[in-house]
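Engineer: First the structure, which I've put down as structure tokens, then a few questions once you've had a look.
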Amino acid sequence: MRHVKKGNSPDFFEACKTNLPENAGWHEFSENQELSECKKALHQHLIAEQAELCIYCERKISKDISHVEHIHPKDVSGKFAHLTFAYTNLVASCNGDLCDTDNKKVYKPEDVHSCGHKKANDFNEKQFINPVQDENIGEFFKYNKDTGVMSAANENARAEYTINLLNLNCIRLQNDRVNAVQAVFDVILKTNNPMFRQLSKQEMVRILLKRNPPFPFISFLHFYFAASQASIP
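Be aware that the sequence shown starts at 1, since it is given in this note's numbering, and climbs by one per residue.
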């Protein structure tokens, strides 16, 4: 998980909200054709704002494998009703186990279910690490660079709660993090730019980790290459 700085709410979304009926619920975006188009545009806008990475696990996302996520849930006894259409509360999350049906054949259900759909309405705002509000997210988590296991740094209770709530340490995500390292190596091996090839391996990695859009699982990659002097094949 990484901090994502929210920009201003897009004008088209603010205009759409003026057409909502009084005391509208999020379902209005699906039931009303005109507003439904606004929701689709918002979804794409959020994906772009997050550099095409899931707000929680950092896997690469598109509209087909993600959804508009409410960080503060929209259906918890009305407690967060005032945030239903608040742009600062809206992000894009992957669909967890629904992203790739082939994963269901390989993993047990508990090993693939993650992120927004896993969180659902189970939410403690004081314990949850909010990727929009908490800027120092990197201080909360650590990883095993060999296995991709994610854990709480310094046994932080908020980090443990967030990892468990989102199932960020499921086996699928552990494997995806480890595989992300090879993706960096592959780019290095396939790059033919002579100026780039003259750089040291450490400089190549440093440049690649700053690219935009970033590699999926970029937080793990930063941790991995900071903690490891692994040779590049």
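No residue lacks a Cβ here, since even glycine has one placed at the ideal position from N, Cα and C.
1) Identify, in the order they occur along the chain, each residue of the same chain with its Cβ nearer than 8 Å to the Cβ of proline 131, setting aside the five sequence neighbours on each side.
2) Tell me the residue span of the alpha helix (DSSP H) that contains lysine 142.
3) When DSSP builds the beta bridges, which residues end up paired with histidine 45?
4) Any chance the segment 142 to 157 sits against the segment 172 to 189, with 3 or more Cβ pairs inside 8 Å?
5) In this structure, how does DSSP classify histidine 117 when only helix, strand and coil are distinguished?
6) How about the segment 46 to 54 and the segment 209 to 221: do they share at least three Cβ pairs that are nearer than 8 Å?
7) Report the option in Asn8, Pro194 and Cys16 whose CA atom is closest to the CA atom of asparagine 32.
8) Span of the alpha helix (DSSP H) holding alanine 226?
9) Give the DSSP bridge partners of lysine 60, in chain order.
10) Considering only their Cβ atoms, is the gap separating serine 66 from serine 93 smaller than 8 Å?
11) In angstroms with no decimal places, state the Cα-to-Cα distance between lysine 119 and arginine 206.
12) Asparagine 167 and histidine 222 - do their beta-carbons sit closer together than 8 Å?
Structural biologist: Answer, in terms of the structure:
1) Here residue 131 refers to the residue found at position 131 of the sequence shown. Once the five neighbours on either side are set aside, the close Cβ partners of proline 131 are Met1, Arg2, His3, Val4, Ile55, Tyr56, Ile71, Val91 and Ile137.
2) The residue labelled residue 142 in the question sits at position 142 within the sequence shown. Premise fails: lysine 142 lies in the beta strand (DSSP E), 141 to 143, not in any alpha helix (DSSP H).
3) As a working mapping, residue 45 is identified with position 45 in the sequence shown. Looking at the DSSP assignment, histidine 45 forms no beta bridge with any residue, so it has no partner.
4) yes
5) Counting from one through the sequence shown, the residue named residue 117 turns up at place 117. Residue state for histidine 117 is assigned as helix, using DSSP reduced to three classes.
6) Counting Cβ pairs under 8 Å, three or more are found: they touch.
7) Residue mapping note: residue 32 aligns to position 32 of the sequence shown, counting from 1. It is Cys16.
8) In the sequence shown, counting from the first residue as 1, residue 226 sits at position 226. Start and end: 218 to 227.
9) To locate residue 60, count along the sequence shown from 1; it is residue 60. Assignment of beta-bridge partners to lysine 60 by DSSP yields Leu53.
10) Along the sequence shown, read from residue 1 onward, the residue named residue 93 stands at position 93. Along the sequence shown, read from residue 1 onward, the residue named residue 66 stands at position 66. Taking 8 Å as the Cβ cut-off, serine 93 and serine 66 qualify as a contacting pair.
11) In the sequence shown, residue 119 corresponds to position 119, counting from 1. In the sequence shown, residue 206 corresponds to position 206, counting from 1. C-alpha separation (whole angstroms): 34 Å.
12) The residue labelled residue 222 in the question sits at position 222 within the sequence shown. The residue labelled residue 167 in the question sits at position 167 within the sequence shown. Contact flag unset, no.
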